[in-house]
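Chains as they are written, first to last, in numbering that gives the first Met the number 0: chain L, 0 to 80; chain G, 0 to 80; chain H, 0 to 130; chain E, 0 to 130.
Quick reminder that beta carbons are idealized off the backbone N, C-alpha and C, glycines included.
Below is one structure, written out as structure tokens; comments come after it.
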Amino acid sequence: MRIEIRIFGAEARAAGADALAVDLDGPATCGSLREAMRERSPALAPALGWARFAVNGRYADDETEIGETDEVALIGLVGGG
Amino acid sequence: MRIEIRIFGAEARAAGADALAVDLDGPATCGSLREAMRERSPALAPALGWARFAVNGRYADDETEIGETDEVALIGLVGGG
Amino acid sequence: MATMDAISVSITDGPLGEPPARPDKGACGAWVVFEGVVRGDEGGGPIVALRYTAYEPMAQNQLAELGESVRAEFGVDCLMVEHSRGLVPVGACSFRLSIASGHRKEALAAMDAFIDRMKKDVPIWKEPVRG
Amino acid sequence: MATMDAISVSITDGPLGEPPARPDKGACGAWVVFEGVVRGDEGGGPIVALRYTAYEPMAQNQLAELGESVRAEFGVDCLMVEHSRGLVPVGACSFRLSIASGHRKEALAAMDAFIDRMKKDVPIWKEPVRG
Chain L
0 MRIEIRIFGA EARAAGADAL AVDLDGPATC GSLREAMRER SPALAPALGW ARFAVNGRYA
60 DDETEIGETD EVALIGLVGG G
Chain G
0 MRIEIRIFGA EARAAGADAL AVDLDGPATC GSLREAMRER SPALAPALGW ARFAVNGRYA
60 DDETEIGETD EVALIGLVGG G
Chain H
0 MATMDAISVS ITDGPLGEPP ARPDKGACGA WVVFEGVVRG DEGGGPIVAL RYTAYEPMAQ
60 NQLAELGESV RAEFGVDCLM VEHSRGLVPV GACSFRLSIA SGHRKEALAA MDAFIDRMKK
120 DVPIWKEPVR G
Chain E
0 MATMDAISVS ITDGPLGEPP ARPDKGACGA WVVFEGVVRG DEGGGPIVAL RYTAYEPMAQ
60 NQLAELGESV RAEFGVDCLM VEHSRGLVPV GACSFRLSIA SGHRKEALAA MDAFIDRMKK
120 DVPIWKEPVR G
């Protein structure tokens, strides 16, 4: 299945895009997405070591399952205020 | 010599006045004034145990000398803000 | 305080407008307004503006949840958050947190805690715009 | 900041008016305004107002000295103090401290320190006025 991931800030600049699509096999989790993104986009590899995922607008851990209809975002270093 | 002391807040209410005049002999200090006031106004005795004097608009310690032309105030518990 | 919600959050385009009125009911005791103003040297060199991007509605929801948890933790009465999205020039206000509370100490502690946590958790980004 | 003094102090009759404008020069980074508002239950029971008495000019001078020492100690840019004398009804503002600073942490710390020391040292008194 195909997961589209929204990207922001320094990560969007590193990837040269504000979204990325990744194909995953079988039951996917944020952890498997993290691994797949590392291969798909070496520019994001450093951030993928520590950045958080949000699934449907909430922070998720690597065990969180994701499906094609979920909204997924990679949240790197934020900078509000 | 005669020293007039301004009094405020709870101390003014205790003394029933916003100023008090005390006669002192010889070279006076805030410490000798404190003792004289204790005798002159028993209602102020509790506050005189800890309240500060101000001489000419600055906090003074008990060694500070005072004369007839100095402006003296007894500063008890303040409550700004 | 009856006239306002305990928590309010808004994310709006460009510099923030005037501060909210102080709650006029209930005599709150302490009312503290913090404004973050864009500095001319943000981000390691002279800039003319910052451009803010918020991941919405997550940013909005996170600000509201953070507001509620800080309100409960510090026992303040009401907490209003405003944040800019888009372009905010140097000297203009991009963030405002207003807190009403019975007493000063908890209002200041709540303010500090809210801003620390916001800077760590709320998905808003800023990018310097150079002249 | 060029348009304002580093320290300003005013003691005026009755409730305070509108807050000062945020310094518009130099992009201060953080601008924090604290307002003390008369509570309906100040002093152990319902009240309608507080009556403030200040020993002037000592109170004014002490506020200015305290402002300067806190400004230097915490490294904030500017500090404006306003205090009421006379009658201030419940719900109105009797004290305002406004601080401009490069960063938030020192602005909040300076605010807390200033108010703590003011409440201990500045010769201003308040008296509850019951209905």
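Original post:
So, does the CB of Thr52(H) fall closer than 8 Å to a CB anywhere in chain L?
Top reply: Taking the first residue of the third sequence as 1, we reach residue 52(H) at position 53. Yes - at least one Cβ of chain L is within 8 Å of the one on Thr52(H).
Subject >> Given Ile123(H) as reference, the closest of Ala53(H), Ser7(H), Cys27(H) and Gly44(H) once Cα atoms are compared >> reply: Numbered from its first residue, the third sequence carries residue 123(H) at position 124. Looking at the Cα atoms, Ala53(H) is the closest of the given residues.
**OP:** Write down the C-beta distance between Met0(G) and Glu67(G) rounded to the nearest angstrom, noting that I regard them as a contact closer than 8 Å.
**Re:** Taking the second sequence and counting its residues from 1, one reaches residue 0(G) at position 1. Taking the second sequence and counting its residues from 1, one reaches residue 67(G) at position 68. Indeed, because the Cβ distance is near 5 Å, the residues count as touching under 8 Å.
Subject >> Backbone secondary structure at Ile46(H) - three-state DSSP >> reply: Residue 46(H) sits at position 47 when you count from the first residue of the third sequence. If DSSP states are grouped into helix, strand and coil, Ile46(H) belongs with coil.
**OP:** List the residues of chain E that Cys27(H) touches, going by C-beta distances under 8 Å, in chain order.
**Re:** Translated into positions along the third sequence, residue 27(H) becomes position 28. Within chain E, the residues near Cys27(H) are Val36 and Arg38.
Original post:
At which residues does the beta strand (DSSP E) containing Met79(H) begin and terminate?
Top reply: On the third sequence, residue 79(H) is found 80 positions in, with the first residue counted as 1. For Met79(H), the enclosing beta strand (DSSP E) has its first and last residue at Cys77 to Pro88.
Original post:
For Met110(H), which residues in chain E fall below 7 Å Cβ to Cβ?
Top reply: Translated into the one-based positions of the third sequence, residue 110(H) becomes position 111. Correct list: Leu107.
Original post:
Beta carbon of Glu67(E), beta carbon of Leu15(E): below 8 Å?
Top reply: What you label residue 67(E) is simply residue 68 of the fourth sequence in a count that begins at 1. What you label residue 15(E) is simply residue 16 of the fourth sequence in a count that begins at 1. Not in contact: Glu67(E) and Leu15(E) (Cβ atoms no closer than 8 Å).
Subject >> Coil, strand or helix - Thr2(E) by DSSP >> reply: Here residue 2(E) corresponds to residue number 3 of the fourth sequence, with the count starting at 1. Any reading at Thr2(E) needs caution, since the residue's pLDDT is 46, under 50, leaving its predicted position unreliable; the model's value is listed next. The answer is coil: DSSP assigns Thr2(E) none of H, G, I, E or B.
**OP:** Going by CA-CA distance only, name the one from Lys119(H), Asp76(H), Leu96(H) and Arg84(H) that's closest to Glu145(H).
**Re:** Within the shown structure, residues of chain H are numbered from 0 to 130, placing residue 145(H) beyond reach of any answer.
**OP:** Please report the residue range of the beta strand (DSSP E) in which Arg51(L) lies.
**Re:** As a working mapping, residue 51(L) is identified with position 52 in the first sequence. Element bounds for Arg51(L): Arg51 to Val54.
Original post:
Is Val69(E) helix, strand or coil when you go by DSSP?
Top reply: One-based indexing of the fourth sequence puts residue 69(E) at position 70. If DSSP states are grouped into helix, strand and coil, Val69(E) belongs with the helices.
Original post:
Could you check where the beta strand (DSSP E) with Thr35(H) kicks off and where it finishes?
Top reply: To locate residue 35(H), count along the third sequence from 1; it is residue 36. The amino acid at residue 35(H) is misidentified as Thr; the sequence shows Gly. For Gly35(H), the uninterrupted beta strand (DSSP E) segment begins and ends at Ala29 to Val36.
Original post:
Buried or exposed: which applies to Trp49(G), given that a residue is buried once 16 or more other Cβ atoms fall within 10 Å of its Cβ?
Top reply: As a working note, residue 49(G) is residue 50 in the second sequence. The residue in question, Trp49(G), is exposed, as its Cβ has fewer than 16 Cβ neighbours within 10 Å.
Original post:
Per DSSP, Leu92(E) is paired with what?
Top reply: Within the fourth sequence, the letter at position 93 stands for residue 92(E). Rather than Leu, the amino acid found at residue 92(E) in this sequence is Cys. Residue pairing by DSSP puts Cys92(E) in a beta bridge opposite Val36(E).
**OP:** Mind checking which residues open and close the beta strand (DSSP E) that includes Arg17(G)?
**Re:** Here the question's residue 17(G) lines up with position 18 in the second sequence. Looking at the sequence itself, residue 17(G) is Asp, so the reference to Arg does not match. No beta strand (DSSP E) holds Asp17(G); DSSP gives it neither H nor E.
Subject >> Inter-residue Cα distance where the pair is Ile4(G) and Ala99(E) >> reply: Working through the second sequence from its first residue, we reach residue 4(G) at position 5. Working through the fourth sequence from its first residue, we reach residue 99(E) at position 100. So the two alpha carbons sit approximately 39 Å from each other.
Original post:
Using 8 Å as the limit for Cβ to Cβ distance, is Met57(H) near chain L?
Top reply: Numbered from 1 along the third sequence, position 58 holds the residue referred to as residue 57(H). Chain L contact via Cβ: present.
Original post:
Considering only the beta carbon of each residue, do Gly80(G) and Ala46(G) sit closer than 8 Å?
Top reply: Here residue 80(G) corresponds to residue number 81 of the second sequence, with the count starting at 1. Here residue 46(G) corresponds to residue number 47 of the second sequence, with the count starting at 1. Against a cut-off of 8 Å, the Cβ pair of Ala46(G) and Gly80(G) comes out as no contact.
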